[in-house]
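Visitor: Encoded as structure tokens, here's the structure I'll be asking about.
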Amino acid sequence: MKTVTPIFISILLLLTSHFGWSQQTTIDSLKRVYKVTKIDTSKVGILNKLASKFKEINPDSTAYYGKKALSLSTKLNYPFGQANAELNLGNASIITGNYTVAKSHFRKAKNIFESLLDNQKENEIYIYGLARCYSSLGVIFSQEGNYFESLDNYQKGLQLYLKINHKSGISKSYNNIGVVYKSRGKTIKALEYFKKSFKIQEEIGEQTMPVTLTNIGVIYFENHKLSDAYSYYSKAEKLFKTIENKRGLALLQNYWGDYYSKTKAQDKAEAYYTKALNLYQSIQNKFGASLAMYNLGTLYFEQKKLEQALLVATQSLNYAKEIGILDQIYHSEKLISDIYFAKNQPALSLEHYKKYSIARDSLNTLESTQKFDHAEMDFEYQKKETLFKEKNKREKLLLFFSIIGLLLLIGLILVLINRHQVKKRLTLQKEVAEYEQKALHLQMNPHFVFNCLGSISSFIVQNGTDSALKYLSKFSKLMRLTLEYSKDALIPIDKEIESLQNYLELEQLRFHDKFNFKIQSSDSVEFNMGLPPLLIQPFVENAILHGLVPKDGNGLIVIDFDVQNDQLVCTIWDDGIGITKSTAIKENSMKAHKSMALEITKKRLEIMEATISKSAQIEIKELEENNTVVGTKVTLRLPIQYIK
58 MKTVTPIFIS
68 ILLLLTSHFG
78 WSQQTTIDSL
88 KRVYKVTKID
98 TSKVGILNKL
108 ASKFKEINPD
118 STAYYGKKAL
128 SLSTKLNYPF
138 GQANAELNLG
148 NASIITGNYT
158 VAKSHFRKAK
168 NIFESLLDNQ
178 KENEIYIYGL
188 ARCYSSLGVI
198 FSQEGNYFES
208 LDNYQKGLQL
218 YLKINHKSGI
228 SKSYNNIGVV
238 YKSRGKTIKA
248 LEYFKKSFKI
258 QEEIGEQTMP
268 VTLTNIGVIY
278 FENHKLSDAY
288 SYYSKAEKLF
298 KTIENKRGLA
308 LLQNYWGDYY
318 SKTKAQDKAE
328 AYYTKALNLY
338 QSIQNKFGAS
348 LAMYNLGTLY
358 FEQKKLEQAL
368 LVATQSLNYA
378 KEIGILDQIY
388 HSEKLISDIY
398 FAKNQPALSL
408 EHYKKYSIAR
418 DSLNTLESTQ
428 KFDHAEMDFE
438 YQKKETLFKE
448 KNKREKLLLF
458 FSIIGLLLLI
468 GLILVLINRH
478 QVKKRLTLQK
488 EVAEYEQKAL
498 HLQMNPHFVF
508 NCLGSISSFI
518 VQNGTDSALK
528 YLSKFSKLMR
538 LTLEYSKDAL
548 IPIDKEIESL
558 QNYLELEQLR
568 FHDKFNFKIQ
578 SSDSVEFNMG
588 LPPLLIQPFV
598 ENAILHGLVP
608 KDGNGLIVID
618 FDVQNDQLVC
628 TIWDDGIGIT
638 KSTAIKENSM
648 KAHKSMALEI
658 TKKRLEIMEA
668 TISKSAQIEI
678 KELEENNTVV
688 GTKVTLRLPI
698 QYIK
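In this text, residue positions in the sequence shown follow the working numbering: the first is 58, and each later residue adds one.
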């Protein structure tokens, strides 16, 4: 038997994937609604639905209602109705075999949907309509053997269906692409797409499931896996009983005939070919009917039923000539020639053999041309497929690098935010430290003033008014310097020396020149170096009160400023009685006084370290010679800071 040709498979399987089924009750219901509908655009919609429902029943009715819908929608200037009407007219033309007219209708519908989408890019109804146009054009290109264009249109339709997640359309597209691959002999690829299609159809309960099962069965049949083919044909036949799809069912009957012919069950093969013929004739499909008659003629010829074989073979030839299918003409002429030869009618056998030869030569010429075209199209398709893969690869790389770039950008933003927060926190910490230092200055000043006023009070009692006035004059000068610089974080070293000079002169007056003092600065100390105000004075005061005053005889205080190891070193040295003896003499007084001076100074040094992140130390120790205490030495090691 002649198996269904690749082109024939493309037409019938694709058509069954695209054209829906209807029930008579639905058609009657639509007709009733049409009669009572007053809105013209609604009438267009009903006419298009009627045209669609008649596709598998009566293509003439599809054309009739499609023309009415097109006429009314054109009169109303209703583009959406026009586009659907063009689709229906294209479907009717495909069924009747007028592919040129069908292509024209589908292209018109495509142009209208594209125009509508220019204004409403995300309208799913228009996207769905455009997807149908691409898929329908794919059917025609497949029939013409232009598999490159066919596959290209199916792919475009698939992308649109995926965009709106239209699962029924997606499954049909997979099925159609599978048919194209099968037509090109790539059965493994075809089977992959058929199974992807069936998975979606099974998920959504799509009525095209039996068509896809049939396609899968054909793949197994052509690969000589007859048991698998039988299984899928049986499943398809069971499902066809639940729906109305004469075209799909007719195709399955033809495949059953091929199956039983191959397994030598000729009675069953004849029965199935006859069923296929009756179904094709009921829907006016001469293409399918011609093939079914040819298969019956071949079967009868093998059974030596020559008259029956000649009758159906002649009918097959007439249909093939009517619709211009050269491949079918070629096979039918050869079969008729063989039948006349078997009937011992050599003249008629020779006549048809010549016609067969002419058809064969024409077909060979056409096939040669098509092979060249196919080779060119395959090259273009491979080129396009390569470009498509490269485009996908570039898009994936772009996506990957975009994600990496985005992550880096987010990371950079987080780092900048973190740096800003750290900077803000450090600024706040610095401000807090400065305020703490100012607070300590305020705490230091009353302490200093309290001590000075106490000295003035004692001086008045001991020396009289004139000396007290002199003392007050020096005190006021000292206070002015103190108030002027104590509000600053740093003061120049020369101003600190001036303040210390005034303070020591006051204390000399107070204690009747009980001690001498010396303030000195090395050449390495620069004029714009600074140190916190009132930092040295508490240690000088301690040296006088607790080191020199209790001493028998006069004493000496030496204050020295120097730079050592990138630090400002301030040394306060006295030759008093020392820490140990002073503590023993006035233990309680020493504790209170020491606590006030030293604790405040230590706190100020801690704040300085935190603010500028540099070390500041204080060291206090007794000086000894030959195991005898000869004085006290205080050393302050401060970070070098400059006055701005």
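Just so it is clear, CB atoms sit at the ideal spot from N, CA and C, and this is done for glycine as well.
At what residue ranges does the region 75-120 contain a whole run of the beta strand (DSSP E), taking only runs of 3 or more?
Guide: As far as the region 75-120 is concerned, it has no whole beta strand (DSSP E) run of at least 3 residues.
Visitor: Within 8 Å, do at least three Cβ pairs link the region 138-151 to the region 364-376?
Guide: These segments do not touch.
Visitor: Name the one or two DSSP bridge partners that D619 has.
Guide: As a first step, residue 619 is located in the sequence shown; it is residue number 562 there, counting from the start. Answer is V626, bridged to D619.
Visitor: Assuming I576 and I554 form a contact by the criterion Cβ under 8 Å, report the distance between their Cβ atoms to the nearest whole angstrom.
Guide: In the sequence shown, the residue the question calls residue 576 occupies position 519. In the sequence shown, the residue the question calls residue 554 occupies position 497. Sure, about 5 Å apart at Cβ, within 8 Å.
Visitor: If I'm right that F596 touches I629 with Cβ under 8 Å, what's the distance once you round it to whole angstroms?
Guide: Counting from 1 along the sequence shown, the entry for residue 596 is found at position 539. Counting from 1 along the sequence shown, the entry for residue 629 is found at position 572. Right, the Cβ-Cβ distance comes to about 5 Å (below 8 Å), so this counts as a contact.
Visitor: Assign K701 to one of two classes, buried (16 or more other C-beta atoms within 10 Å of its C-beta) or exposed (fewer than that).
Guide: By one-based count along the sequence shown, residue 701 stands at place 644. Exposed, since its Cβ has fewer than 16 Cβ neighbours within 10 Å.
Visitor: Using the three-state DSSP reduction, which class does G147 fall into: helix, strand or coil?
Guide: To locate residue 147, count along the sequence shown from 1; it is residue 90. Looking at G147 - three-state DSSP - the assignment turns out to be helix.
Visitor: Pull up the distance between the alpha-carbon of G242 and that of N421, whole angstroms please.
Guide: Here residue 242 refers to the residue found at position 185 when the sequence shown is read from its first residue. Here residue 421 refers to the residue found at position 364 when the sequence shown is read from its first residue. So the alpha carbons of these two residues sit roughly 19 Å apart.
Visitor: Helix, strand or coil for R241, going by three-state DSSP, please let me know.
Guide: Position 184 of the sequence shown, counted from the start, is the residue given in the question as residue 241. R241 falls in the coil class under three-state DSSP.
Visitor: Taking only the alpha-carbon atoms, compute the straight-line gap between G462 and K453 and give it to the nearest angstrom.
Guide: In the sequence shown, the residue the question calls residue 462 occupies position 405. In the sequence shown, the residue the question calls residue 453 occupies position 396. Taking the straight line joining both Cα atoms gives about 14 Å.
Visitor: State the Cα-Cα distance for the pair Y277 and L248, rounded to the nearest angstrom.
Guide: Locating residue 277 in the sequence shown gives position 220, where the first residue counts as 1. Locating residue 248 in the sequence shown gives position 191, where the first residue counts as 1. Cα-Cα distance, rounded: 9 Å.
Visitor: Under 8 Å by Cβ, that's how I've got I550 and F458 pegged, so tell me the actual separation to the nearest angstrom.
Guide: Numbered from its first residue, the sequence shown carries residue 550 at position 493. Numbered from its first residue, the sequence shown carries residue 458 at position 401. Incorrect: roughly 60 Å between the Cβ atoms, too far for contact.
Visitor: Excluding sequence positions up to five away, which residues of its chain have a Cβ less than 7 Å from the Cβ of F170?
Guide: Taking the sequence shown and counting its residues from 1, one reaches residue 170 at position 113. Excluding sequence neighbours, F170 sits near A140, Y183, G186, L187 and C190.
Visitor: Which whole-angstrom value describes the C-beta separation of Y218 and I227, a residue pair presumed to lie in contact below a C-beta threshold of 8 Å?
Guide: As a first step, residue 218 must be located in the sequence shown, where it is residue number 161. As a first step, residue 227 must be located in the sequence shown, where it is residue number 170. Right, the Cβ-Cβ distance comes to about 5 Å (below 8 Å), so this counts as a contact.
Visitor: For R567, which option in L591, V606 and T82 has the closest C-alpha, if you only look at C-alpha atoms?
Guide: On the sequence shown, position 510 is the one that residue 567 refers to. Nearest option by C-alpha distance: V606.
Visitor: Which runs of the beta strand (DSSP E) at least 3 residues long sit entirely within the region 561-627? Give them in chain order.
Guide: Correct list: 572-578, 586-588 and 612-621.
Visitor: Would you kindly work out how many angstroms separate the C-alpha atoms of V620 and E681, rounded to a whole number?
Guide: By 1-based counting over the sequence shown, the position of residue 620 is 563. By 1-based counting over the sequence shown, the position of residue 681 is 624. Cα to Cα, V620 sits roughly 25 Å from E681.
Visitor: Three or more C-beta pairs closer than 8 Å, one from the region 306-322 and one from the region 283-297: is that the case here?
Guide: Cβ pair count under 8 Å is three or more, so yes.
Visitor: Could you spell out where the alpha helix (DSSP H) holding E706 opens and where it closes?
Guide: The shown model of the chain, from 58 to 701, leaves out residue 706, and the question about it has no answer.
Visitor: For L693, I'd like the list of residues in its chain whose CB is within less than 6 Å of its CB, leaving aside the five on either flank, ordered along the chain.
Guide: What you label residue 693 is simply residue 636 of the sequence shown in a count that begins at 1. C627 and I675.
Visitor: I think K571 touches G612, with their Cβ atoms under 8 Å apart; what is that distance to the nearest whole Å?
Guide: Taking the first residue of the sequence shown as 1, we reach residue 571 at position 514. Taking the first residue of the sequence shown as 1, we reach residue 612 at position 555. Contact flag correct, Cβ pair sits at about 7 Å.
Visitor: Taking the DSSP output, what are the residues bridged to I675?
Guide: Position 618 of the sequence shown, counting from 1, holds the residue named residue 675. In DSSP, I675 forms a bridge with L693.
Visitor: How should S347 be labelled, buried or exposed, when 16 other C-beta atoms within 10 angstroms of its C-beta is the threshold for buried?
Guide: Mapped onto the sequence shown, residue 347 falls at position 290. With 16 or more Cβ atoms within 10 Å of its Cβ, S347 is classed as buried.
Visitor: Along the chain, where does the alpha helix (DSSP H) that runs through G305 open and close?
Guide: Residue 305 sits at position 248 when you count from the first residue of the sequence shown. First-last of the alpha helix (DSSP H) with G305: K303 to K319.
Visitor: Identify which residue in K319, S225, Y287 and Y204 has its Cα closest to the Cα of T265.
Guide: On the sequence shown, position 208 is the one that residue 265 refers to. Of the candidates K319, S225, Y287 and Y204, the one whose C-alpha sits nearest the C-alpha of T265 is S225.
Visitor: If contact is defined by three or more beta carbon pairs under 8 Å, each pair taking one atom from either stretch, is the region 147-166 in contact with the region 192-199?
Guide: The region 192-199 is in contact with the region 147-166.
Visitor: Taking the alpha-carbon of A222 as reference, which of T539, E181, G305 and K112 has the nearest alpha-carbon?
Guide: In the sequence shown, residue 222 corresponds to position 165, counting from 1. It is worth fixing the name first, because residue 222 is Asn in this sequence and not Ala. Checking every option, the nearest Cα to that of N222 belongs to E181.
Visitor: Out of K325, L270 and I261, which has the shortest C-alpha to C-alpha gap to L306?
Guide: The residue you call residue 306 lines up with position 249 of the sequence shown. Nearest of K325, L270 and I261 to L306, Cα basis: L270.
Visitor: Which one of T153, G354 and D609 has the shortest CA to CA distance from T119?
Guide: The sequence position of residue 119 within the sequence shown is 62, counting from 1. With distances taken between Cα atoms, T119 lies closest to T153.
Visitor: Taking all protein chains shown into account, decide if Y316 is buried (16 or more other Cβ within 10 angstroms of its Cβ) or exposed.
Guide: As a working mapping, residue 316 is identified with position 259 in the sequence shown. Buried is the call here.
Visitor: Going by other Cβ atoms of all chains shown within 10 Å of its Cβ, with 16 needed for buried, is E598 buried or exposed?
Guide: Working through the sequence shown from its first residue, we reach residue 598 at position 541. Burial call: buried.
Visitor: According to DSSP, is I460 helix, strand or coil?
Guide: Here residue 460 refers to the residue found at position 403 of the sequence shown. It is helical.
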